[in-house]
Amino acid sequence: MSKTPILCNIGINNTEFGDNVTIIQPVNIYGCQLADNVRIGPFVEIQKHCVIGTGTRVQSHSFICEYVTIGRDCFIGHGVMFANDMFRDGSPDPDPNNWGRITIGDGVSIGSGATILAVEICAGAVIGAGSVVTRSITRKGVYAGNPARLLRLL
């Protein structure tokens, strides 16, 4: 039995770029905005309705889902996952109007392998590698663990 699969090309589509943006391919970036001096590593996906602020670096293998805003001069480590469909009814919600919005303040560093759920993270916070952020972070500090907890204020 030979069937033809549906093939979707990866690449960069319908994206607004600032000056001096660097993208290491392959990537899947569409319907978003990348400000000046943004650097995107390979194997990154950035979905529509996202905004990546000036001077932010996104390392390889990270996934930034729809409706994520990342501030200026942030560092997103390798393999960071953003998720905004909270499966409130026990299954994926097809309606993007029900998905959470994620906002990352200026100067935030997120360590490799972290998972960021539908939250807000204040400017200057540091998220440890492998952490799972399940609640908004409103005080500048170092956070780590699952769920991420404050280790010390900055």
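Numbering (our numbering), first residue to last: 140 to 293. Where a beta carbon is used, it is the ideal one built from N, C-alpha and C, also for glycine. All figures in this text were calculated on a predicted structure; none of them were measured in a lab.
With 16 other Cβ atoms within 10 Å as the buried cut-off, status of residue i
{"i": "N148", "result": "exposed"}
{"i": "T195", "result": "buried"}
{"i": "G229", "result": "exposed"}
{"i": "I145", "result": "exposed"}
{"i": "L173", "result": "buried"}
{"i": "N223", "result": "buried"}
{"i": "G150", "result": "exposed"}
{"i": "F221", "result": "buried"}
8 angstroms contact criterion, which residue i and residue j should meet: CB distance rounded
{"i": "Q186", "j": "I209", "result": "The pair is not a contact, with the Cβ atoms about 13 angstroms apart (cut-off 8 angstroms)."}
{"i": "G263", "j": "G246", "result": "5 angstroms"}
Reference residue i, options the options, closest by Cα
{"i": "S275", "options": "I255, L290, G267", "result": "I255"}
{"i": "T154", "options": "K142, N223, Y169", "result": "Y169"}
{"i": "V271", "options": "G263, L292, G280, I249", "result": "I249"}
{"i": "S199", "options": "R178, P286, H217, I191", "result": "H217"}
{"i": "P165", "options": "I179, V247, C171", "result": "I179"}
### Message
Does the segment 153-170 come into contact with the segment 210-221, if we say contact requires no fewer than three beta-carbon pairs (one atom in each stretch) closer than 8 angstroms?
### Response
These segments do not touch.
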